[in-house]
Amino acid sequence: MNPRRMRLEADIQKELAEFTFEELQKARADGSHAIHLKSIQERKHSRANKNRPMEVTCKKPVSRYRETIQVPKKVVRDPRFESLCGTLVEDGFRKRYNFLFEDNLPAEKKELQKQLKKTKDPGITKQLKNRISWIVTDEVWIC
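The following block contains the structure:
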């Protein structure tokens, strides 16, 4: 330690020895008599200008992995198997989606059959036949 600082601390200790414990407690609680000295490390890491970045020591090892905030995963729920969604009421389902089964699916089936007659590509005909068979099984299931 610096000899000048040692003398300063010795003088402070002598002055404090003369005070009573009650006076020391009041001074500590008030905070007006507290002496705050910046440590050498705090002074080293200051900036020369407020717009410049902070100096960082090169002796501190850099972490290998970046720390990130963990975002909670979204819970994917399938309404077919969840008790929260209730049970299927078939009459209500038929009433709500009746337009699909009476209007859209038969029209789509006719359109696909027209396309099937026109196309000669085997890949496209296979896709069209699959779609038509899906519509037919859907019609059978609904009836």
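Just so we're on the same page, my numbering is the position in the sequence shown counted from 1, plus 244. For each residue, glycine too, the CB sits at the ideal point set by N, CA and C.
With three or more CB-CB distances shorter than 8 angstroms, the stretch 348 to 356 counts as touching the stretch 367 to 383. In this structure, the CA atom of residue 263 is about 10 angstroms from the CA atom of residue 271. Here residue 358 carries a helix assignment [DSSP, helix/strand/coil].
If you ignore the 5 residues before and after residue 250, its C-beta comes within less than 6 angstroms of no other C-beta in its own chain.
Residue 324 and residue 336 have their C-alpha atoms spaced approximately 16 angstroms apart.
DSSP, reduced to helix, strand and coil, places residue 247 within a helical segment of the structure shown. Annotated as distal: residue 352 and residue 313, with beta-carbon spacing of 8 angstroms or more.
Across the structure, residue 342 and residue 369 are spaced so that their CA atoms are roughly 29 angstroms apart. Secondary structure note for residue 340: its alpha helix (DSSP H) is the uninterrupted segment 334 to 340. The alpha-carbon of residue 293 is positioned some 23 angstroms away from that of residue 304.
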